[in-house]
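Reading through the structure tokens given below for one structure.
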Ligand code: 5RP
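Numbering (the numbering used here), first residue to last: 292 to 552.
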């Protein structure tokens, strides 16, 4: 792997544990002012010290994150549709590689929508982005299945999506946890992180999902709502870190949550 890509990835995936806790705060790019992310700066600021990377758009980065932070940025560079529009999967590339470099991004992220009307378009977006990013040593994170596509949260669909992303050259892939997740991992030759998905009923549920995904081969999480929609977001990200980096059980990590809330 190219030195630049490897170096940038090692800012995100911590070399001592080979794992990562990415904080996803990019939801507004198609959801608008998502619950608890209405004031992005207020939500993000207390969580930054506990995030191994921040996943967000250039707009929220510029307006809501201080430039003197040294947290690596995974810049979302796809978009172009909204949750109330005709078709969520009709995405294009919204941000140039030059802009990503100007913002000192450690990686760029783009969604692919397998099995939808815009499958071809979004896969070509990915291929094009990888071709543009590679000469600059910039890793590409492919994000599989969002929004209505979450109905398809099954192993065969996610394995198909992740494998295609890897075949096209993604450096790492973000997907959802599912039953038989180990089969998604086994058939994807690049590292996988899981999204948290919609807020689960309890903090313990989210910690169990993270632990299960890690045990089955994920290298970390790129979690949003299950952290910042918790009534105690800092306590929750600390608990997630305990599962990811210290390999604590979900029950032990829940104690970390309780102590910090
Ligand atoms: C949307 C995304 C989000 O970042 C992703 O869904 C992660 O956040 P959450 O844990 O809230 O699901 O990529 O396309």
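All residues carry an ideal CB built from backbone N, CA and C; glycine is no exception.
(message) So for residue 367, helix, strand or coil by DSSP?
(response) Position 76 of the chain shown holds residue 367. Here residue 367 sits in strand by DSSP.
(request) Counting only the same chain and skipping the five closest in sequence on each side, list residues whose C-beta sits under 6 Å from that of residue 331. (result) Mapped onto the chain shown, residue 331 falls at position 40. These residues qualify, in order along the chain: 351, 355.
(request) Run the proximity test for residue 422: is its beta-carbon closer than 6 Å to any non-hydrogen atom belonging to the ligand 5RP? (result) Along the chain shown, one-based indexing puts residue 422 at 131. Every heavy atom of the ligand 5RP is 6 Å or more from the Cβ of residue 422, so no.
(message) Are there any heavy atoms of the ligand 5RP lying less than 6 Å away from the beta-carbon of residue 486, as far as the coordinates show?
(response) Numbered from its first residue, the chain shown carries residue 486 at position 195. Indeed, a heavy atom of the ligand 5RP lies less than 6 Å from the Cβ.
(message) Less than 6 Å between C-beta atoms, sequence neighbours within five positions excluded: which residues of the same chain meet that for residue 485?
(response) Counted from its first residue, the chain shown places residue 485 at position 194. For residue 485, where only same-chain residues beyond five positions count, the Cβ hits under 6 Å are 468, 504, 509, 512.
(message) Rounding to the nearest angstrom, what Cα-Cα distance links residue 463 and residue 435 in this structure?
(response) Start at 1 with the first residue of the chain shown, and residue 463 comes out as number 172. Start at 1 with the first residue of the chain shown, and residue 435 comes out as number 144. When rounded, the distance between both Cα atoms is 11 Å.
(request) For residue 473, I'd like the list of residues in its chain whose CB is within less than 8 Å of its CB, leaving aside the five on either flank, ordered along the chain. (result) For the purposes of this step, residue 473 is taken as residue 182 along the chain shown, with counting starting at 1. Taken in chain order, the residues that qualify are 507, 508.
(message) For a test of the three-state rule: what should DSSP assign to residue 433, helix, strand or coil?
(response) In the chain shown, counting from the first residue as 1, residue 433 sits at position 142. Strand at residue 433.
(request) Kindly examine the ligand 5RP and report whether one of its heavy atoms sits closer than 6 Å to the Cβ of residue 353. (result) Numbered from its first residue, the chain shown carries residue 353 at position 62. Outside the cutoff, so no.
(request) Identify every run of the beta strand (DSSP E) within the region 454-498, keeping only runs that are complete inside it and at least 3 residues long; order them along the chain. (result) 463-466, 483-486
(message) At 4 residues or longer, what runs of the alpha helix (DSSP H) sit wholly inside the region 320-351?
(response) 331-335
(request) May I ask which residues mark the beginning and end of the alpha helix (DSSP H) holding residue 527? (result) Along the chain shown, one-based indexing puts residue 527 at 236. Unbroken alpha helix (DSSP H) run through residue 527: 524-536.
(request) Could you name the residues that DSSP lists as bridge partners for residue 402? (result) Position 111 of the chain shown, counted from the start, is the residue given in the question as residue 402. In the DSSP output, where bridge partners are listed per residue, residue 402 has 434.
(message) For the pair the region 337-349 and the region 372-382, tell me if three or more CB-CB distances fall below 8 Å.
(response) no
(request) Could you check the C-alpha separation between residue 395 and residue 302 for me, to the nearest Å? (result) Locating residue 395 in the chain shown gives position 104, where the first residue counts as 1. Locating residue 302 in the chain shown gives position 11, where the first residue counts as 1. One C-alpha to the other measures close to 12 Å.
(message) Tell me whether the region 306-313 and the region 492-500 touch, counting them as touching only if at least three CB pairs, one residue from each stretch, are closer than 8 Å.
(response) no
(message) Please identify the residue among 373, 522, 446, 452 whose C-alpha is closest to the C-alpha of residue 471.
(response) By one-based count along the chain shown, residue 471 stands at place 180. For the residues 373, 522, 446, 452, the minimum Cα distance to residue 471 belongs to 446.
(request) Please report how far the alpha carbon of residue 552 lies from the alpha carbon of residue 526, in whole angstroms. (result) Taking the chain shown and counting its residues from 1, the one referred to as residue 552 is at position 261. Taking the chain shown and counting its residues from 1, the one referred to as residue 526 is at position 235. Each residue's alpha carbon lies about 5 Å from the other.
(request) Check whether the Cβ atoms of residue 368 and residue 399 sit closer than 7 Å, and answer yes or no. (result) The count along the chain shown starts at 1 and reaches residue 368 at position 77. The count along the chain shown starts at 1 and reaches residue 399 at position 108. It is a contact, given that the beta carbons lie within the stated cut-off.
(request) Compute the beta-carbon to beta-carbon distance between residue 427 and residue 384, rounded to the nearest angstrom, for a pair I have assumed lies under 8 Å. (result) Counted from its first residue, the chain shown places residue 427 at position 136. Counted from its first residue, the chain shown places residue 384 at position 93. So it is not a contact: roughly 15 Å between Cβ atoms.
(request) Identify whether residue 292 lies in helix, strand or coil by the three-state DSSP scheme. (result) Looking up residue 292 in the chain shown gives position 1. Three-state DSSP puts residue 292 in coil, outside helix and strand.
(message) Can you check which of these residues, 401, 359, 361, 449, is closest to residue 371 by C-alpha distance?
(response) By 1-based counting over the chain shown, the position of residue 371 is 80. Ranking the options by Cα distance to residue 371, first place goes to 401.
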